[in-house]
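All remarks here apply to the structure that follows.
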Amino acid sequence: MSNTTYNQEASELICPLLLSMKNHSLNRDLKANMVVVFFHGLVSCLGILENALILWVVGYRLRRRTVASVWVLNLAMSDFLTTLTLPLFTFYLGSSHSWKLGNPLCKIQASIFFLNMFVSAFLLAAISLDRYLLVAKPVWSQNHRSVAGAWKVCALGWLWAVINTLPYFLFRSVTVRNDNRNLCYHNFAMYSSRDTLERDCKVRQAGTAISKLLLAFLFPLVVIAGSYIKIGLSLKNRNRRRMQSARCPDALIVSSNTSPTTKNTNIILKPLTTDASLSQTRTTMSDSISNQTSQNQLSQSFTKMVTFLITAFVLCWAPYHIFCIIEVTTQYGMQYLDLVEVGLPIATTFAFLNPVLNPILYAFSCPKFCVKIRQSLGAVFVRSGGGRRGLKSTYEA
Numbered sequence: 001m002s003n004t005t006y007n008q009e010a011s012e013l014i015c016p017l018l019l020s021m022k023n024h025s026l027n028r029d030l031k032a033n034m035v036v037v038f039f040h041g042l043v044s045c046l047g048i049l050e051n052a053l054i055l056w057v058v059g060y061r062l063r064r065r066t067v068a069s070v071w072v073l074n075l076a077m078s079d080f081l082t083t084l085t086l087p088l089f090t091f092y093l094g095s096s097h098s099w100k101l102g103n104p105l106c107k108i109q110a111s112i113f114f115l116n117m118f119v120s121a122f123l124l125a126a127i128s129l130d131r132y133l134l135v136a137k138p139v140w141s142q143n144h145r146s147v148a149g150a151w152k153v154c155a156l157g158w159l160w161a162v163i164n165t166l167p168y169f170l171f172r173s174v175t176v177r178n179d180n181r182n183l184c185y186h187n188f189a190m191y192s193s194r195d196t197l198e199r200d201c202k203v204r205q206a207g208t209a210i211s212k213l214l215l216a217f218l219f220p221l222v223v224i225a226g227s228y229i230k231i232g233l234s235l236k237n238r239n240r241r242r243m244q245s246a247r248c249p250d251a252l253i254v255s256s257n258t259s260p261t262t263k264n265t266n267i268i269l270k271p272l273t274t275d276a277s278l279s280q281t282r283t284t285m286s287d288s289i290s291n292q293t294s295q296n297q298l299s300q301s302f303t304k305m306v307t308f309l310i311t312a313f314v315l316c317w318a319p320y321h322i323f324c325i326i327e328v329t330t331q332y333g334m335q336y337l338d339l340v341e342v343g344l345p346i347a348t349t350f351a352f353l354n355p356v357l358n359p360i361l362y363a364f365s366c367p368k369f370c371v372k373i374r375q376s377l378g379a380v381f382v383r384s385g386g387g388r389r390g391l392k393s394t395y396e397a
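Structure representation (structure tokens):
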């Protein structure tokens, strides 16, 4: 049992990585720690207020529920839950990196962190697929895409995230360091025996890190990238067909004869013969194009917002997953332990920034959403008449 440890003093099993962290002492720079605590406290307040405002506007003030607003509402709910735990993490940092809030809150805070990670990845992948179907399969989307369907997909995403979060809830616990500080971290020796401890420590440490990397980062990114590549190809083909159609503007499809035996469609093109019919046709087409242009602008605005959200997700979560993989290698050699102990909390801070940045991206990537927020805030201070005045949904697609 060379790579595992049985802590005789505490009469408990403990994995070598956790034992090393337990014996390791961090340098205490009070000035730097005060800056970090102040920054986290500011981010905590900002994140809670931002996401509460998004939930209020999208969940309550918008009178018309759309598929896009369902996506935004669920993302905001996940982000709001995460920002509620930020003060707990700030208190931990302010207590010289010692967790003094007990084991239950240790489990809850960590579980919500990972729940947000899985929910965000799932929803961003689902939104990307939805964008692809809307562009590449417009007829199918018109017939099958619905608000109820979006809620079902979101419910599936929450269930999937809860299932993936369970291991982190079960193995999270508080361990007392040798310098009497409390460490809220994974204890993968739990629910194990002395005979299987070595195998369990390695498998559980590597399994959780790799599953996070694959299920909450790489696989969703593959779906997102594939969806946007397909969207680009579909738009390219559509533009090519429009260019071809523009070469013969004075032609209409006037009949379609289908043979019941051969099932071949014969399309007859006939030039327009009168100015009146040509004028009427062009007027109808102009109205149709105007309506379509308005819908396209709303759809493009939402697609732009999604692109910003995906970029923020990648930038905020990539460092965290990289350090989690580096942490796995410390099971076989402790040369990277100092790097992990310093770098992982910083990477975790970047991950915490994601739910704080998202509301800002909602507003700045979708200018009309800023208008809705101002209107909603104005309704709080200037109440006219009785009853609730709803707002038309910003997200129509």
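With our numbering applied, the sequence shown corresponds to residues 1 to 397, in that order. The beta carbon of each residue, even a glycine, is placed where N, CA and C say it ideally should be.
Rounded to whole angstroms, what's the CA-CA distance from His40 to Ser98? Just pull it up for me.
16 Å
Short of 7 Å in beta carbon distance, which residues of its chain neighbour Ala126, apart from the five on each side in sequence? Order them along the chain.
Val153, Gly157
Can you say whether Ala155 is buried or exposed, counting buried as having 16 or more other CB atoms within 10 angstroms of its CB?
exposed
Straight-line Cα distance separating Ala76 from Ile48:
10 Å
Looking at the secondary structure, which residues open and close the beta strand (DSSP E) in which His186 lies?
182-186
In three-state DSSP terms, what is Leu357?
helix
How should Gln335 be labelled, buried or exposed, when 16 other C-beta atoms within 10 angstroms of its C-beta is the threshold for buried?
exposed
Which same chain residues, not among the five before or five after Arg172, have their C-beta less than 8 Å away from its C-beta?
Cys106, Lys107, Ala110, Ser111, Cys184, Tyr185, His186, Asn187
If you follow the alpha helix (DSSP H) that Arg65 is part of, which residue opens it and which one closes it?
From DSSP, Arg65 is part of no alpha helix (DSSP H); its letter is neither H nor E.
For Gly226 and Ser193, what's the separation of their Cα atoms in angstroms?
44 Å
Measuring alpha carbon to alpha carbon, tell me which of Val328, Pro345, Thr349 ends up nearest Pro16.
Val328
Could you spell out the range, first to last residue, of the beta strand (DSSP E) harbouring Ser173?
172-176
Please name the residue or residues paired with Glu327 in a DSSP beta bridge.
DSSP lists no partner for Glu327.
When you compare only the Cα positions, how much space is there between Leu13 and Trp151?
44 Å
For Leu218 and Val135, what's the separation of their Cα atoms in angstroms?
24 Å
Buried versus exposed, by CB contacts within 10 Å (16 or more), Trp140:
exposed
Between the beta-carbon of Thr165 and the beta-carbon of Pro355, is there less than 8 Å?
no
Ile198 - partner residues in DSSP beta bridges:
First, the residue type needs correcting, since residue 198 is Glu and not Ile in the sequence shown. Answer by DSSP bridge pairing: none, since Glu198 is not bridged.
Report the start-end ranges of each alpha helix (DSSP H) in the segment 79-167 that is 4 residues or longer and not cut off at the edges.
102-136, 138-144
Among Ser69, Ser25, Ala52, Leu353, which residue has its Cα nearest to the Cα of Ala148?
Ser69
Taking Leu19 as part of the beta strand (DSSP E), name the residues at either end of that continuous run.
Looking at the DSSP string, Leu19 is not in any beta strand (DSSP E); the run it does join, the alpha helix (DSSP H), is 16-23.
Contact check, Gln54 vs Tyr362, beta carbons under 8 Å
The displayed chain sequence assigns Ile, not Gln, to residue 54. Going by C-beta atoms, Ile54 is nearer than 8 Å to Tyr362.
Proximal residues to Asn264 (C-beta, below 6 Å), its chain only, five neighbours per side dropped:
Here Asn264 scores only 47 on pLDDT, less than 50, and its place in the model should not be relied on; the value that follows carries that caveat. No residues qualify anywhere along the chain.
May I ask which residues mark the beginning and end of the alpha helix (DSSP H) holding Val223?
219-246
Taking Ala161 as the reference, which of Lys212, Phe352, Val306, Val314 has the closest Cα?
Lys212
Report the CB separation of Thr90 from Ser44 in whole angstroms; it is logged as a contact under 8 Å.
5 Å
Quick check: the Cα distance between Tyr228 and Val58, rounded to an integer number of angstroms?
26 Å
To the nearest whole angstrom, what separates the beta carbons of Ala209 and Ile325, a pair I think is in contact under 8 Å?
6 Å
Closest residue to Leu357 among Asn33, Glu50, Asn23 (Cα-Cα distance):
Glu50
Distance, Cα to Cα, Lys202 vs Gln331?
7 Å
If Asn465 and Asn23 are in contact, beta carbons under 8 Å, what's the gap, nearest whole angstrom?
Residue 465 lies beyond the range of the chain shown here (1 to 397); nothing can be said about it.
Suppose you measure from the CA of Leu221 to the CA of Arg240; what does that come to, to the nearest Å?
29 Å
Here's the rule: buried if 16 or more other CB atoms are within 10 angstroms of the residue's CB, otherwise exposed. What is Tyr92?
buried
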